[in-house]
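*Asks:* There's a structure below that I have some questions on.
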Amino acid sequence: MNNNHTTTRTLLPAHSAVGKVILPGSKSLSIRALLLASLSEGNTTLTNVLDSDDTRVMITALRQLGVTITAIEAGSYYVIGGGFKHSTADIFVGNSGLSIRTLTAALAASEGTFRLHGVARMHERPIADLVNSLTGLNAHISYENTIGYPPLLIESYQSNKTNKLHLNGTDSTEHIETINVKGNASSQYLTGLLQIAPLLSIKHQQDITIIVDGELISKPYVDMTIQLMSQFNVNVIRDDTQYQQFTVLKNSRYHSPNIIQVEGDASSASYFLAAGALGHDSLTIYGVGLNSLQGDVHFATFLSTIGIKTDWDTHSITIHGRANKVLPAFTQDFNHIPDAAMTAAII
């Protein structure tokens, strides 16, 4: 930029945010749905898939693993299921944390030799807690450079009836007792373990139980994973409201629902909901609503608690602004929807 010149932008006062907004697809759901469609029996058409760096690296990774993914039109893909066809791959995940964590789990439950790496920043993000949880799934996971961080080399093999299973230091030819994961680590670790539980239930002919050590953070993201898995015909049995134990029954299998429309991004929705709340008219967002799988949709619930009128439909939410009325002060715990906390601070 030439220091002799400055650029000025003037923001005029805005008195309302009115109309309708069609949300882009959820990144979290897009990545999860692409992986589950690949692992399912049958073929799946995915629509409203978000076009982003993270979804592109997941699509590329799955194609490297032998999954046929055909672009139909913008945001729509046809995925041929049946699992990974290739037993070797050198996979670049960019800066997509969800992609590397779910793929690490999926490849540990597969057969072959795989390398996972990303941008420099990705190699600074810890992954040891997930690797420790995967110890014993008939896979050897090693760190290429710094212990506890990517790049990872995953060497996995098929177990047989004569092999003992080694999980959490326990030898067993009868069953997998538990897989443990830390509750205060990223919820994406638990998501990865949940998504491979059906594969393990078939491979080892056992119920698969995952135990959470300590209090689980980001529960809504885990709920989202479980509900999406149910759309692919796998039920996860959760112990209770404490989110401490999850079980997938023996021989649980993913089956394609044929068509999945990825719902709109609820985190993005919070910005438009906030704008509508500050205005003096009505604004409707399409893509999330009563049937939403995402916890961030409850930013609209929060707005209703501070006096903003909201109308919910199956796939939409309408917000009615308070015109010139001052919004009341509030005290609110945003631990379950952390992405919306800053939006709340702004209003």
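Count the sequence shown with my numbering and you get residues 1 to 347, in order.
Ideal placement from N, C-alpha and C gives every residue a C-beta, glycine not left out.
1) Would the beta-carbon of Ser38 fall within 9 Å of that of Gly83?
2) Under three-state DSSP, which class holds Phe232?
3) According to DSSP, simplified to helix, strand and coil, what is Glu73?
4) Let's test the definition: count the other Cβ atoms within 10 Å of the Cβ of Leu303 and tell me whether it reaches 16, buried, or not, exposed.
5) Alpha carbon to alpha carbon, what distance is there between Val236 and Ile226?
6) Restricting to Cα atoms, I'd like to know which of Thr45, Asn95, Gln195 is closest to Ile72.
7) Is Val67 buried or exposed, if buried means 16 or more other CB atoms sit within 10 Å of its CB?
8) Give me the residue from Leu35, Asp339, Ser142 with the minimum Cα distance to Glu155.
9) Helix, strand or coil: which one does DSSP assign to Phe114?
10) Nearest-angstrom Cα distance between Ser110 and Arg121?
11) Between which two residues does the alpha helix (DSSP H) holding Val93 run?
12) Quick one: what's got a C-beta closer than 6 Å to Ser76's C-beta in the same chain, skipping five residues either side?
13) DSSP has Thr247 in a bridge; who is on the other side?
14) Can you tell me whether DSSP reads Asp129 as helix, strand or coil?
15) By the three-class DSSP mapping on this structure, what secondary structure does Leu167 have?
16) Alpha carbon to alpha carbon, how far is Ser99 from Asp207?
17) Hey, how far is the Cα of Ile211 from the Cα of His315?
18) Here's the rule I'm using: 16 or more other beta-carbon atoms within 10 Å means buried, otherwise exposed. How should Val326 be labelled?
*Replies:* A quick look at the data gives this:
1) Here residue 38 corresponds to residue number 38 of the sequence shown, with the count starting at 1. Here residue 83 corresponds to residue number 83 of the sequence shown, with the count starting at 1. Closer than 9 Å, so yes.
2) As a position in the sequence shown, residue 232 is number 232, starting the count at 1. Of the three classes helix, strand and coil, the one that applies to Phe232 here is coil, per DSSP.
3) Here residue 73 is taken as the residue at index 73 of the sequence shown, counted from 1. Residue state, collapsed to three classes: strand.
4) Counting from 1 along the sequence shown, the entry for residue 303 is found at position 303. Buried: at least 16 other Cβ atoms inside 10 Å.
5) For the purposes of this step, residue 226 is identified with residue 226 of the sequence shown, where counting begins at 1. For the purposes of this step, residue 236 is identified with residue 236 of the sequence shown, where counting begins at 1. Roughly 6 Å separates the two Cα atoms.
6) Start at 1 with the first residue of the sequence shown, and residue 72 comes out as number 72. Per the Cα distances, Thr45.
7) The sequence position of residue 67 within the sequence shown is 67, counting from 1. Classification for Val67: buried.
8) The count along the sequence shown starts at 1 and reaches residue 155 at position 155. The shortest C-alpha separation from Glu155 is found at Ser142.
9) The sequence position of residue 114 within the sequence shown is 114, counting from 1. DSSP places Phe114 in strand when its eight states are reduced to three.
10) On the sequence shown, residue 110 is found 110 positions in, with the first residue counted as 1. On the sequence shown, residue 121 is found 121 positions in, with the first residue counted as 1. Straight-line Cα distance between these residues: approximately 27 Å.
11) By 1-based counting over the sequence shown, the position of residue 93 is 93. No alpha helix (DSSP H) holds Val93; DSSP gives it neither H nor E.
12) Numbered from its first residue, the sequence shown carries residue 76 at position 76. Correct list, in chain order: Thr47.
13) Here residue 247 refers to the residue found at position 247 of the sequence shown. Thr209, Ile237.
14) Within the sequence shown, residue 129 is the residue found at index 129, counting from 1. Note: Asp129 maps to helix in three-state DSSP.
15) Reading the sequence shown from its first residue, position 167 is the one you call residue 167. Because the pLDDT at Leu167 is just 39, under 50, the model does not fix this residue reliably, and the point stays unresolved.
16) Looking up residue 99 in the sequence shown gives position 99. Looking up residue 207 in the sequence shown gives position 207. Roughly 26 Å between the two C-alpha positions.
17) Start at 1 with the first residue of the sequence shown, and residue 211 comes out as number 211. Start at 1 with the first residue of the sequence shown, and residue 315 comes out as number 315. Their Cα atoms are separated by approximately 34 Å.
18) The sequence position of residue 326 within the sequence shown is 326, counting from 1. Classification for Val326: exposed.
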